[in-house]
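For reference, the structure discussed in these notes is given below.
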Amino acid sequence: MGGIRILTDSPMTTVQDAGRFGLQGVGVPVSGPADPDAHALAQLLVGNDARAAGLELTLTGPAIEFTQDNNIALTGGDFGPRLDGMPISCYRALRVHRGQVLTFDGRRSGFRAYLAFSGGLDVPLTMGSRATHLPSGMGGLEDRKLRKGDELGFLCPAAPYPVYPCRAAVPPRIDDGIAVLRVVLGPQADHFTPAGIQTFLSSPYQVLSQSDRMGYRLNGERIEHVGDGNILSDGIPFGAVQVPDSGQPIIMLADRQTTGGYAKIACVISADYSKIAQKMAGEWIRFEAVSIERAQQLRRDQLRRIETLKSYF
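If you're matching positions, the sequence shown starts at 16 in my numbering and goes up one per residue.
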């Protein structure tokens, strides 16, 4: 069965599905997309369940040849996509044919893009998921990022959709300025002085070049601890903001370890995960505290918008 052929190398292109859930208790990381909402929306546009496997592209994408007809959609960052040299739109389902080639001009906005294919990609399941976790060499295609010459098949390519204009969504705004990440304080907010918490909530922080899918290392005003930054190791959720003894925060992302021993001053709310994933080294963020009730309401609103979009399809 056909699928895609990778014609050129790229900075970082991996196979990702929704993630490897239910195994953190035995030390297996979740992995999955750094921008879960962009990934899920791409899958929705091509008629897949949100758990289906597609590609996560970082900074730009490789040239990709289609070896079988199918439906595709691109979401997340805008990397200037072209099909056989002609510009195409993101956040819209598109029919592609065998022999056509998808290329990218280069980054226009954002940092990560998501490419979905009707039926998903046919790579082996590892512990119930097709997600690539590079730190442990697990999942995806041969446990690694994609490179020139790789070929991947479609699991179940779909027929053309009867009305393509309906299979589209409004792209979310990607802020090129200072992104405001809303957080719920805790679970170890009491490990920080009032002055430290004030610093955390009032100072801008810059994303460092040492950042990756495990975590975003930030640089800015030092956050003051009551004692030091160490705790007994406990679980780490997506978006947890750890602060080691250096006083510089680290936002934990998709490839994070399952436990850690640095105090967590706050957790980024799930409605703002995309804001983290679309930031690159050198860009700036700041934090804003909200209640857990507000965080839950924002997530419910986000999920309601997705359900409304599904009803149009």
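For every residue, glycine included, the Cβ atom is placed at its ideal position computed from N, Cα and C.
For clarity, every value in this text was computed on a predicted model and none was experimentally measured.
Within 10 Å of its beta-carbon, does residue i have 16 or more other beta-carbons around it, so buried, or fewer, so exposed?
i	result
K294	buried
Y327	exposed
I307	exposed
E71	buried
G297	exposed
A286	buried
H112	exposed
Q225	exposed
N85	buried
L247	exposed
K279	buried
V198	buried
P51	buried
A210	exposed
D93	buried
G242	exposed
R319	exposed
P44	buried
S104	exposed
S261	exposed
In terms of DSSP beta bridges, what is residue i paired with?
i	result
R309	Paired residue(s): none; R309 is not in a bridge.
R110	N86
L167	I19
R402	Since the first residue shown for the chain is 16 and the last is 328, residue 402 is missing from the structure and cannot be characterised.
G230	M267
F119	P96
S220	At residue 220 the sequence reads Tyr, which differs from the Ser that was named. According to DSSP, Y220 bridges with I300.
L136	F169
S144	T141
P202	DSSP output for P202 lists no bridge partner at all.
Y277	N245
Y288	The partner list for Y288 (beta bridge, DSSP) is empty, contrary to what the question assumes.
P187	DSSP, once it has assigned bridges, lists no residue as partnering P187.
A255	C282
G69	Q31
For residue i, collect the residues of the same chain with a Cβ closer than 8 Å to its Cβ; drop the 5 residues on either side in sequence, then sort them by chain order.
i	result
P102	G95 and P96
G47	Q31, D32, A33, G34, R35, H54, S144, A146 and A269
Y106	L56, L60, A88, L89, T90, A183, A184, V185 and P186
T214	E236, R237, I238 and E239
G250	Q39, T273 and T274
F207	F215, I238, E239, H240, V241, V258, A278 and I280
Can the beta-carbon of residue i be found less than 8 Å from the beta-carbon of residue j?
i	j	result
G76	A128	yes
L149	K163	no
L196	V283	yes
I193	I300	yes
L98	D137	no
A65	L74	no
D165	I321	no
R135	Q83	With the sequence shown as reference, residue 135 is identified as Gly, and Arg is not the correct amino acid for it. Not in contact: G135 and Q83 (Cβ atoms no closer than 8 Å).
V258	G244	yes
R228	A49	yes
S133	G62	yes
Can you find the residues in the same chain that come closer than 6 Å, C-beta to C-beta, to residue i, ignoring five residues on each side of it along the sequence?
i	result
I189	S124, G125 and Q293
L130	G69, L70 and L89
P175	R110
T23	P77, A78 and K163
A281	V198, L200 and V256
T29	E71, T147, G155 and K160
Y231	V222 and I266
G254	C282 and V283
V305	R197
G152	D158
What residues in its chain sit with their C-beta under 7 Å from that of residue i, if we drop five residues either side in the sequence?
i	result
N234	Y220, Q221, L223 and Q263
K325	L59
G121	T75, F94 and G95
M142	R35, L38 and V43
Taking CB distances under 8 Å as the criterion, tell me whether residue i reaches chain C.
i	result
L196	Here chain C cannot be found, since the structure has a single protein chain.
### Task
Report yes or no: do the stretch 82 to 91 and the stretch 116 to 133 share at least 3 C-beta pairs separated by less than 8 Å?
Result yes; three or more Cβ-Cβ pairs closer than 8 Å.
### Query
Would you call the stretch 308 to 316 and the stretch 202 to 216 in contact, with 3 or more CB pairs under 8 Å?
Counting Cβ pairs under 8 Å, fewer than three are found: no touch.
### Query
Any chance the stretch 216 to 229 sits against the stretch 165 to 173, with 3 or more Cβ pairs inside 8 Å?
As far as the Cβ criterion goes, the stretch 216 to 229 does not touch the stretch 165 to 173, which means the pair count is below three.
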